[in-house]
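The numbering used here numbers the first residue of the sequence shown as -18 and each following residue consecutively. See below for the structure under consideration.
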Amino acid sequence: MRRLLFIALTLLSTLLPGLAHAWWQAEWAYRKPVTIDGGPQAGAIGSDAGRVPVLVRLHTGNFKFEGVSETGADLRFVAGDDKTVLNHQIEQFDPLLGIALIWVDVPNVSAGTPQKLWMYYGNPKAPASGNGQRSFDPDYTLVYHFAEGAVPPRDTTAYGNNGQTAAVPVEGTVIGKGAQLGNGALMLPATPSLAVTAGGTLTFSAWIKPDSLGARQAIYARRDGAGELVVGIDQGVPFVQVNGQRSTPGQPVQAGQWAHLAVKAEGDSVALYVGGRPAVSLAAKLPALNTAAALGADAPAAAPAAPGAAPAAGFAPFTGAIDEVRLSKVARPDALLLADAVSQGAESRLAAFGPDEQQAGKSHFGFILAAMPLDAWIVVGLLGLMMALSWAIMIGKGRNFGATSRANATFIEHFREAAGAPLDRLATNNTVPQEVRADSSLWRLYEVAIEEMRRRHDRGYDLNAVSASTIGAIRAAMDGVMVRETERMSKRMNWLSTTIEGAPYVGLFGTVIGIMLVFVVAAMAGAVDINSVAPGMAAALLCTAAGLGVAIPALFGYNWLASRSDAIGADMAVFVDEFVTRLAEEQGEGRSLPVAVQARRA
């Protein structure tokens, strides 16, 4: 049994290291590691940014575009645990040009330990992923990629705040396509999701490239009665203006170069960020804004000026390109704005790519094993121990019962061949082989009976006229040995019955815990598609299958061993009756003597 346990532990130890190279699902032939690193030597975002839509920029320098679908429908992004499917949104995917722009919803971008993601591809039967709108968290109320061309820009969030006027497309922007501004305002809708309360929170961000550095150019403007919010540049210096109060000059931008601008309003402060870093701050509260906003030009006032009041000074249109416009109803963390600036530029330092890997024909069962959490492995390990012990018992008992049956068959042949001779003949002439004596339970019954007869002979009893009481005593001694032999055969059989009854419950316990964890993790991650929950469900159900796999062989083995034990017990009972009958016939007081013996006595 120790040898079997050692083998089982050895197999388990060889299996566990392989889990580090687990494969998410068998249908995907390739995967590519993507490392998100916000540490000082990479993204250098300073602090944890939390949930971030990270831009994964693929090109021929880091991806071969071989084996992937022409539309990128088979792309899947999985967390480092090789179980959690991450939301993603494809902005552009062109294998012929060798470029792809994909937004991946990373739950937590840390400035500390780098985290690895897996990009899986190479499944021609995979449907397009339907979780694109969830790639941006619900606090994003508007996201324009400008990837549609000469049509109103489409909001890629679930709010559907699409543009009200067509954009003029421009190629070769900082992230794929963009929009050219300067020929009129690009109007945004006035929807409840874009409304701003007085003193509320807001985050606006965009990439801009001014063609020329003019005066008072409006990039984002929104007016509601006397309320005003304008983000623009003045002679190349970005500014934010709230209700006529403008921020002080800060870090300038250059004509013909892309720059990331962001404005964050929170409480009594409105801050302006250039390149993801704080530039200037304005002590002001946002007014209530419920009207339509404008990109690239000043927004019209929602109501005319009061009689006799001077009209508000307008702003000049912004002439240049714009890309990746975002609005949030919350004040985003500084680390997130910095992560956007460093990850969306042409030379992103936040995401690093490793070599592509091809799966080596892993079976479906292997993928289920790879999806098993720690609690499932604990249950499976316990079931494995139960299986090893039950199989050790079954194998040991089977070999023992087989040797006993063979030895009993050999002994009974010798015993019956000695019929008519004294009963102790087999014990005195050593005709029974030593291996038969060691294994035969009938020999042990025979031996104790002969020993009882010798003991009585040494006390002076006449063994030629054995009384009924003596025969009963000898039979009782043989019965005692038979009981001990039965107990020996039944030893550890209770473990098999425990395994039969307990293993399915242990497996079911693991399944229940596993399913609970699957639903909890899915709820926390906000992902309820089949790809996110199916591996965990399969791994949880494997616990029940493992429990049945342990109990069913134990049940068959128990029944087989019980039948063998009953057969050996029946052989012993028959032998006791046969021995006692011969003893009564040949040496009992009431036996019938042969005629020649009676004549001699007469």
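Idealized CB from N, CA, C, for every residue including glycine.
Query                                                                                                                           : Result
With 16 other Cβ atoms within 10 Å as the buried cut-off, status of residue 464                                                 : exposed
Strand pairing of residue 259, partner residues [DSSP]                                                                          : 254
Stretch pair the stretch 123 to 135 + the stretch 152 to 172: three plus CB contacts closer than 8 Å                            : yes
Residues of its chain near residue 563, where Cβ-Cβ distance is below 8 Å and the 5 sequence neighbours each way are ignored    : 400 and 404
Distance, residue 490 Cα to residue 319 Cα                                                                                      : 46 Å
Neighbourhood of residue 248 by C-beta distance below 6 Å, restricted to the same chain and skipping five residues each side    : none
Neighbourhood of residue 313 by C-beta, 7 Å cutoff - its chain only, sequence neighbours within 5 removed                       : 184 and 245
Three-state secondary structure (DSSP) of residue 126                                                                           : coil
Local conformation of residue 173 per DSSP, three classes                                                                       : helix
Straight-line gap, residue 84 to residue 537 (C-alpha atoms, nearest Å)                                                         : 55 Å
Residue 442 - DSSP class collapsed to helix/strand/coil                                                                         : coil
Cβ-based neighbour list, residue 473, same chain, cut-off 6 Å, excluding 5 preceding and 5 following                            : 374
Per DSSP, cross-strand counterpart(s) of residue 277                                                                            : According to DSSP, which records beta bridges pairwise, residue 277 is partnered with nothing at all.
Range covered by the beta strand (DSSP E) that runs through residue 98                                                          : 96 to 102
Local conformation of residue 191 per DSSP, three classes                                                                       : strand
Contact belief for residue 370 with residue 541 at Cβ below 8 Å, rounded distance in angstroms                                  : Between residue 541 and residue 370 the Cβ distance is about 17 Å, and since that is not below 8 Å, they are no contact.
Limits of the beta strand (DSSP E) - the one that residue 84 falls within                                                       : 80 to 90
Three-state class that DSSP yields for residue -14 in the structure shown                                                       : Its pLDDT being 42, under 50, residue -14 is placed unreliably in this model, and the value from its coordinates should be taken loosely. DSSP places residue -14 in helix when its eight states are reduced to three.
Residues bridged to residue 246 [DSSP beta-bridge criterion]                                                                    : 183 and 251
Nearest neighbour of residue 522, chosen from 497, 533 and 141 [CA to CA]                                                       : 497
Under the three-state DSSP convention, the category residue 385 falls into                                                      : helix
Residues sharing a beta bridge with residue 151, DSSP                                                                           : 159
Residue range of the unbroken alpha helix (DSSP H) whose run includes residue 468                                               : 449 to 471
Cut-off 7 Å between Cβ atoms - residues of its own chain near residue 420, not counting five sequence neighbours on either side : 384, 385 and 388
Cβ-based burial, residue 33 [other Cβ within 10 Å; buried from 16]                                                              : buried
Buried/exposed call for residue 204, threshold 16 Cβ in 10 Å                                                                    : buried
Contact the stretch 25 to 32 vs the stretch 360 to 370: 3+ CB pairs below 8 Å                                                   : no
Segment contact flag, the stretch 221 to 238 with the stretch 254 to 268, C-beta cutoff 8 Å, min 3 pairs                        : yes
Helix, strand or coil at residue 420 [DSSP, three-state]                                                                        : helix
Anticipated Cβ contact below 8 Å, residue 57 with residue 110, distance rounded                                                 : 7 Å
Distance between residue 49 and residue 9 (C-alpha atoms, nearest Å)                                                            : 10 Å
Environment of residue 422 [buried if 16+ CB atoms lie within 10 Å]                                                             : buried
Through-space distance from residue 336 to residue 268, alpha-carbon basis                                                      : 51 Å
Reference residue 458, options 441, 425, 447 and 479, closest by Cα                                                             : 425
Three-way DSSP call (helix, strand, coil) for residue 330 in this model                                                         : coil
Counted within 10 angstroms of its Cβ, other Cβ atoms place residue 219 as buried (16 or more) or exposed                       : buried
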